[in-house]
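Student: This structure is in structure tokens; I'll ask about it shortly.
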Amino acid sequence: MDDAIGRIGRVERVTLGARVYAELRGLLIAGELAPGERLSLRRVADQLGTSMMPVREAVSRLAADAALTVLPNRSVRVPLMDAGQFRELTRVRLAIEGFAAEEAARARSEADLAAIAALDDLFRREARAAAPSFERAVRANKDLHFAVYAAARLPTLTAVIEGLWLRVGPVLNLDMRVSGTRLAEGAAERHHGRLLAAIRAQDGLGARAALVADIEEAAAFIAGSGRLAP
């Protein structure tokens, strides 16, 4: 009996650690944590109703993923990204996410198309609103992209893309979170519209081109914003 109880305890700890990891990972991918932002492990634990142990386990995993940095004083922050790292991640994203969009156009179902169209409409409404919610726009942008990638029906590919966004998400969406400039310019809205049209027409090359243009224009905006570390 003692051995059985011990096994149950270990499963519970793993479950809590996995939950905290998933929550923090989701915030990073969605760009809801900013580069350089420090995390209070106690606040995370209190927010999720857990002890410190699963939070520390989750942070250790995210540090191994290069998604969080543990500083010498044991504080934790979202890493800063320099221009070279950003360029490298952008090049990889262009190849991998472009491929995912092409596959999605060919493999998508009508349900996939409806989900992508609904998210495109949500993003478009925020982009055109007199007083847009940048948080909703950021979330809709992320959800639209991942609805496209899910439509490719390649879970391994989606996992690879999640790993990329885990690192680039905080940088990718920082300007959209703190400034309306990028949203108001309408470039993302136009690229999303072309992406949706290509997926609707099952035009793989057109979907890839629209997705690549979206990534390239956003990357150029971020690179020129002065927000990357030297």
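Counting the sequence shown from 1 gives a position; my numbering is that position plus 513.
Where a beta carbon is used, it is the ideal one built from N, C-alpha and C, also for glycine.
Check whether the Cβ atoms of I712 and A700 lie closer than 9 Å to each other.
Tutor: Not in contact: I712 and A700 (Cβ atoms no closer than 9 Å).
Student: What does the alpha-carbon distance come out to for the pair V661 and M594?
Tutor: Cα-Cα distance, rounded: 26 Å.
Student: DSSP has V583 in a bridge; who is on the other side?
Tutor: Beta-bridge pairing links V583 to V589.
Student: What's the gap between the Cα of R532 and the Cα of M565?
Tutor: Taking the straight line from one Cα to the other gives about 13 Å.
Student: For a test of the three-state rule: what should DSSP assign to R551, helix, strand or coil?
Tutor: DSSP places R551 in strand when its eight states are reduced to three.
Student: Along the chain, where does the alpha helix (DSSP H) containing E570 start, and where does it finish?
Tutor: Unbroken alpha helix (DSSP H) run through E570: 565 to 577.
Student: Per the DSSP calculation, A742 is bridged to which residue(s)?
Tutor: Answer by DSSP bridge pairing, in chain order: D595.
Student: Determine, using beta-carbon pairs with one atom in the region 580 to 595 and one in the region 540 to 551, whether at least three such pairs fall under 8 Å.
Tutor: The region 580 to 595 is in contact with the region 540 to 551.
Student: Count the other CB atoms, across all protein chains shown, that sit within 10 Å of the CB of G530; report buried if there are 16 or more and exposed otherwise.
Tutor: The residue is buried, with at least 16 neighbouring Cβ atoms inside 10 Å.
Student: Does the region 723 to 736 come close enough to the region 701 to 711 to have 3 or more Cβ pairs within less than 8 Å?
Tutor: Cβ pair count under 8 Å is three or more, so yes.
Student: If you draw a straight line from the C-alpha of A722 to the C-alpha of D656, how long is it?
Tutor: Going by the C-alpha atoms only, they are around 19 Å apart.
Student: Go through its chain and collect everything with a Cβ distance to D515's Cβ below 7 Å, but skip five positions before and after it.
Tutor: Reliability of the predicted coordinates at D515 is poor, the pLDDT of 44 falling under 50, and no value is obtained from them.
Student: Specify, as a first and last residue, the run of the alpha helix (DSSP H) that N686 falls within.
Tutor: Element bounds for N686: n/a, residue is neither H nor E.
Student: Touch check for the region 665 to 673 and the region 599 to 616: three-plus C-beta pairs under 8 Å?
Tutor: Yes, the region 665 to 673 is in contact with the region 599 to 616.
Student: Under DSSP, the alpha helix (DSSP H) around E702 begins and ends at which residues?
Tutor: Here the alpha helix (DSSP H) through E702 covers 700 to 713.
Student: To the nearest angstrom, report how far apart S588 and A576 are at their CA atoms.
Tutor: About 12 Å.
Student: On the CB-based measure, 16 or more other CB atoms within 10 Å of its CB, does A642 come out buried or exposed?
Tutor: With fewer than 16 Cβ atoms within 10 Å of its Cβ, A642 is classed as exposed.
Student: Looking at the secondary structure, which residues open and close the alpha helix (DSSP H) in which R621 lies?
Tutor: Where R621 is concerned, there is no enclosing alpha helix (DSSP H), given that its DSSP letter is neither H nor E.
Student: Using DSSP with H/G/I as helix, E/B as strand and the rest coil, what is P668?
Tutor: P668 falls in the helix class under three-state DSSP.
Student: Tell me the residue span of the alpha helix (DSSP H) that contains D716.
Tutor: Neither: D716 is in no alpha helix (DSSP H) and is coded neither H nor E.
Student: For L677 and R574, I'd like the C-alpha separation in whole angstroms.
Tutor: Going from the Cα of L677 to the Cα of R574 covers about 15 Å.
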